[in-house]
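Using our numbering, read the sequence shown as starting at 217 and increasing by one per residue.
Ideal Cβ placement from N, Cα and C applies to all residues, glycine included.
Notes for the one structure printed next.
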Amino acid sequence: MKQKPSKGRFRKALGLMTGVLVVGPVLTGVGLVVGLSSCASVPPIGMSAAPAERVRELPNGEYDLRGEATLWFDEYQHPFIEASHDEDVPYLMGVVHAHQRMGQMELMRHLSQGRLAELFGPPAVFLDASIRAIGLTTAVPEIEKTMDPETRAWAQRYVEGINDYRRRFATAPIELRIIGLSGTEDWTVADVLSIGRLGSADVSLALWYSMAALRDRPGFEEYSARLRGFHDAGRASFGPMDATPLDAIMGVSRVGSNAFAVAGSRTASGAGMLASDPHVGMQIPPLWSVIGYSSPGGSAVGFSIPGVPAIVIGRNENIAWGGTNMLGLSSAMYDVSSLPAEEFTTRTETIRVRWWNDREITITESPFGPVVSDAPLFGSLNLPKTALKWRGHEPSDELTAFLKVMRASDFEEFRTAWESYAVSGQNFLYADKAGNIGQVLAMSFSPAAGRIAENGLFADPSDPDHAWNGEILSTELPHAINPDLGYLVSANNTPVRTSPRVSVSGNANDRFDRISDRLWNGSAITLDELADIQLDTYSEASHKAAQELLTLIKKMPSEGRLDAQRTRLVDALEAWDGWYRADSSGAAAYQLLLHHIIEMVYEPRYGTEITQHLRRSVAVHDWVAEDAEDGYIDDSVMTRALVRASRDMRDGMVWGDMHRFVMGHPMRRLPLVGGQFRFGDYPIDGSSSTVLKSAHSITNKVHETTFGANARFVTDLADEDENYFVMVGGQDGWLGSENATDQWPLFREGRLIRVPLRVESVRESFPHKVELRPRAGVVSGEREDR
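Following this line, the structure appears as structure tokens:
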């Protein structure tokens, strides 16, 4: 294994709602008020606080512990909790999360509850009103009332840890100082559940929105039909390739994101191995936070989300788990314009607005959910009176599911742990130390959602097939265990073919096929190989399209076909191996040529808005390859596209000259002070459909990727200490810490950081510790830096 290294408005808003904390549109509109009031009082940010210094900043004094405990930190500030009492684990999770990510957590708390205007003033009312209309936290009170008592106690201890820390810190994070947030508001279990609902927002809603926005454009029916055909050709992770009635396969085991699990029969160690690299927004601090713990009740280590007391991706002594969003169908839009007026009710809510008068909004409820067509996010769509039916409006208990997974010891315990889980739909992969692997569909499913998705954009309240009744739990959905191939792969592809479908088809086969090909060709697979697959930037669809375009170029009349500029581009394209490396001239040549072909072929056919949608779609490469092969892209198009692309391609130009990652905090969009929150502008590997994903639109301009692979985890279940992590940015969300950005070079170079699970190994390898005692003890807290 690699050694530990040495020292568009709605799309952005939906990114927020799915846990991707990109508050750019809001921050940009805050105006000069914040900048002028803050720039004089906020010192420049220097990433100079060493790990030992940050550990010493943990507040002194007695803690509300049930027993003695130690917080361990490595040089990257990954924390490990050693607790003598189980109830101290969630409490110390709260302390650590608050210490490292308090600014991020406060932004997420306000976002999830539609309270950003309290921080950012009038520009944030747009988003607050929409979040409240959607009803993101509608079910929170009932969830809190009905959740498992043990889970409620766990969550309560977590918020006690947050509040205990929050009352002690001497200096607020710089984000909160700029915002002017006093930090006097206690955290509650409801706040934790609200952030959980934020992370459960239905991704299929964003896909629905993007298509609804195009529905009146010329050519939409043709475009959507072709797009549907492309998505329907996507691979399934396991099970039969042909659709089967869902009723007939409930609970039946069938064999066959990025997440992939390898059975012990295919690994060098003989135990199961698992790799997972979740794709979310790329910013500082990252969404993810590594944390580990050991107590009498067990041990676990992995990725958590600050504000949520659980390990979402990780491992314990016996099993490992990782997941991808399955684009599960958990929502539908009903056209309720024909319902009689007496079927609707209204309520008024007040949005508190900083620097301005508070705003009252009216929210209308229907029998099919809240009416969202008048919400600001949907205002430009010219919708009929439309209600949102979302499974997340009803109670469910995702936190209990994760706590059971964290304690599971075999596949049956893992599978049944998801019974209380409803949203958002996830493919979860499993591996264990005995060499078993498996896959489950974690969601609660109403067959009506699948039927509605297959029949258009809007559901009909009068159609019996669209009646949202009946619920199929995760434990009743298909699952896989120990497939003959010896591996399982999930890459946001269709998990299993069912009728009606359980997920939106919305992904190319590139990532799924590439991971599968590399696992298929491997024997005695090692963690090094799993880690290397996570760095793969080959796109078969792009490579095939480039080859088809080259075939057309070679068929062009030779006279005057290529001058020096065009020869340079064609040579680069011909030498391209299909890998989107930052130093690839071929990837740049393909991007430029593709941009102009789209401009000349599809824009006249579909118009600007549909073409912009196509530029963001992973389907574009397959379409261009098909149309080039079928002659739809002719010599005239190729001649003009080649001339224009050749002019764009500068001498020595490579993919990284165009494809950039701007590392920064969401605050970088603030006026005047935003420059302090921008930490670098870098070339980056990958593309929208590569395993190492860095999403982008097809363009001939320099562009910034803000979404993609941003955290990696690999583990070998043969050894409790063989767990490796890395993130874009760093573990510490305190801007000013060395550990806020120190993992970015490792991420770029493909290096990983070992985080052991055995507490004995933690004691030996983690150089910083804070020893804690209960309030009843004599000593308030000893600390030692070795």
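- Each residue's CA atom was taken as its position, placing TRP960 and TYR439 some 39 Å apart.
- Secondary structure of GLN892 (DSSP, three-state): helix.
- Contact between TRP950 and ARG384 fails: their C-beta atoms lie close to 15 Å from each other, not under 8 Å.
- Of the candidates ASP958, VAL975 and LEU988, ASP958 places its Cα closest to the Cα of PRO267.
- In this structure the region 361-381 does not touch the region 622-634; the number of beta carbon pairs closer than 8 Å is below three.
- When beta bridges are read from the DSSP output, SER719 appears opposite GLY544.
- With respect to ASN708, GLN293 sits apart: the two C-beta atoms are not nearer than 9 Å.
- By the Cβ test, the region 340-354 is not in contact with the region 275-291, since fewer than three Cβ pairs between them sit closer than 8 Å.
- The DSSP-derived three-state label of GLN947 is coil.
- Ranked by Cα distance from ASP344, the options ALA925, HIS326 and ALA536 are led by HIS326.
- Residue range 285-289 is occupied by the beta strand (DSSP E) that includes PHE289.
- Per the Cβ contact rule, the region 321-338 is not in contact with the region 542-561 (fewer than 3 Cβ pairs under 8 Å).
- Distance between ARG730 and SER755, taken at the CA atoms: about 8 Å.
- The C-beta of ASP418 has 16 or more other C-beta atoms within 10 Å across all chains shown, which makes the residue buried.
- The criterion of a C-beta distance shorter than 9 Å is satisfied by ARG894 and GLY880.
- Measuring C-alpha to C-alpha distances from VAL356 to each of ASP613, HIS984, PRO389 and THR286 identifies ASP613 as the nearest.
- Between LEU308 and LEU973, the C-beta spacing is not below 9 Å.
- For secondary structure counted as the alpha helix (DSSP H) over 4 or more consecutive residues, the region 261-336 holds these complete runs in sequence order: 267-272, 304-328 and 333-336.
- The alpha-carbon of MET659 is positioned some 7 Å away from that of LEU689.
- Judged by their CB atoms, PRO525 and TYR703 are not nearer to each other than the 9 Å cut-off.
- Rounded to whole angstroms, the separation of the alpha carbons of ARG964 and LEU858 is 32 Å.
- Pairing ARG713 with LEU751, the inter-Cα distance amounts to about 29 Å.
- With respect to the 9 Å criterion, ASP864 and ALA487 are not classified as neighbours on the basis of their beta carbons.
- Secondary structure of TYR940 (DSSP, three-state): strand.
- For TRP795, same chain residues with a beta-carbon under 6 Å away, outside a window of 5 residues either side, are THR753 and TYR754 in chain order.
- For PHE661, the pairing in a beta bridge is given by DSSP as ILE688.
- In the structure shown, HIS881 falls within a coil segment according to DSSP collapsed to helix, strand and coil.
- Here the region 550-565 makes no contact with the region 358-372; the two share fewer than three CB pairs at distances below 8 Å.
- Assigned with DSSP and collapsed to three states, ARG974 falls in coil, not helix or strand.
- Within the region 336-393, the runs of alpha helix (DSSP H) at least 4 residues long that lie entirely inside it are, in chain order, 341-350, 356-362 and 365-382.
- According to DSSP, residue pairing for THR931 in a beta bridge involves LEU490 and ASN939.
- Assigned with DSSP and collapsed to three states, ASN532 falls in strand.
- Distance from VAL569 to ALA333 at the Cβ level is roughly 5 Å; contact confirmed, criterion being Cβ atoms closer than 8 Å.
- A residue is called buried when at least 16 other Cβ atoms come within 10 angstroms of its Cβ; GLU764 meets this threshold and is buried.
- Here GLN642 is bridged, per DSSP, to ASN541 and ALA658.
- In this structure ASP726 touches SER905 by the C-beta definition: roughly 4 Å separates them, less than 8 Å.
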